[in-house]
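A short worksheet on the structure shown next.
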Amino acid sequence: MTTLMTARLRLEPLDDAHLDGLHAMNSDPAVMRWLGGPVATVDDTRAMIARVRTRWSEWGYGWWALVEHDGGALVGAAGIQHLGKDRANPHELGWRLRRASWGMGLAGEAMRAIVRHGFEELDAPRLCAIRHPDNAASLRLMERLGMRYVGVQHWDGADVPVHALARTAWRLRQDDDGAAPAHD
Ligand SMILES: CC(C)(COP(=O)(O)OP(=O)(O)OC[C@H]1O[C@@H](n2cnc3c(N)ncnc32)[C@H](O)[C@@H]1OP(=O)(O)O)[C@@H](O)C(=O)NCCC(=O)NCCS
67 MTTLMTARLR LEPLDDAHLD GLHAMNSDPA VMRWLGGPVA TVDDTRAMIA RVRTRWSEWG
127 YGWWALVEHD GGALVGAAGI QHLGKDRANP HELGWRLRRA SWGMGLAGEA MRAIVRHGFE
187 ELDAPRLCAI RHPDNAASLR LMERLGMRYV GVQHWDGADV PVHALARTAW RLRQDDDGAA
247 PAHD
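Per the numbering used here, residue 67 is the first one in the sequence shown, and the count goes up by one each step.
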């Protein structure tokens, strides 16, 4: 299991130690508004952690808790899974932040590290994300990450806009930013 670090966050593979922080977020109607279900009960959040732990052990990747270096609060969760929760489908990114942490750039910061991990360590050829059509905050995040709209598809029981970032396009963006590692 891989822990990732960013300037403000430590991305820890989700486990039982994150239950309270994760549940506080998952039981907030504002956070769950576009996530396709009702607010979570504590048992739902426990089941989410158990599912994620299974993925980490079977696949070697899954969801991380986003923990602030400064103070140790759980500010969100984000991860890599697969569309339709089936490994035969393309990789899918997911994210959510507790409401108090919106508007600070923390989701973008975490997702840039996860995207890098997906391309460089997991060798994903392309990373997808889906959203509720009215989820404007997620659309802005997808655009900031360089994801392109590819169309509406049927996933998880609904017709949803799909966005994708190809590894080749991501590499070009790294070069443009001058952020790519130096090559000999
Ligand atoms: C989707 C979600 C994670 C986006 O959170 P967010 O805080 O808007 O996203 P980011 O962390 O990338 O922050 C970007 C915002 O922070 C602002 N910001 C402040 N300081 C910043 C910084 N240092 N760096 C970057 N952005 C910064 C930006 O201006 C931007 O605000 P804007 O969207 O009003 O223009 C959040 O709305 C959420 O958790 N929603 C509920 C769950 C959900 O819908 N999940 C996704 C399902 S598809």
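For glycine and all other residues, C-beta sits at the position ideal for the given N, C-alpha and C.
I need the straight-line Cα distance from residue i to residue j, nearest angstrom please.
i    : j    : result
Y127 : G145 : 8 Å
L80  : L205 : 25 Å
G217 : D225 : 10 Å
W129 : V118 : 6 Å
W125 : R237 : 24 Å
M170 : V141 : 11 Å
A143 : L88  : 8 Å
W168 : T120 : 29 Å
L75  : L132 : 6 Å
P227 : G102 : 14 Å
I15  : D241 : No information on residue 15 is available, as it lies outside the stretch 67 to 250 that the chain covers here.
D152 : L77  : 24 Å
L70  : H135 : 12 Å
G174 : L207 : 6 Å
N92  : A203 : 17 Å
Which class does residue i belong to by DSSP, given the choice of helix, strand or coil?
i    : result
G217 : strand
W130 : strand
D328 : The displayed coordinates of the chain run from 67 to 250. Any statement about residue 328 would go beyond what the structure contains.
H148 : strand
A203 : helix
P95  : helix
A235 : helix
W125 : helix
R164 : coil
L172 : helix
R192 : strand
H89  : helix
A143 : strand
H84  : helix
A224 : strand
D250 : Note that D250 scores 36 on pLDDT, short of 50, meaning its location in the model is unreliable and no value can be drawn from it.
H157 : strand
M67  : coil
H183 : helix
A230 : strand
R117 : helix
R112 : helix
R76  : strand
Could you round the C-beta distance between residue i and residue j to whole angstroms and report it? I think they count as a contact, below 8 Å.
i    : j    : result
H229 : R214 : 6 Å
G150 : W221 : 6 Å
TODO: Assess, as a yes-or-no matter, whether the stretch 159 to 177 is touched by the stretch 189 to 209 under the definition of 3 or more beta carbon pairs within less than 8 Å.
DONE: Touching, per the Cβ criterion.
- [ ] Answer yes if the stretch 168 to 187 comes into contact with the stretch 217 to 237, meaning at least three C-beta pairs across the two stretches below 8 Å, and no otherwise.
- [x] With the cut-off at 8 Å, the stretch 217 to 237 and the stretch 168 to 187 touch.
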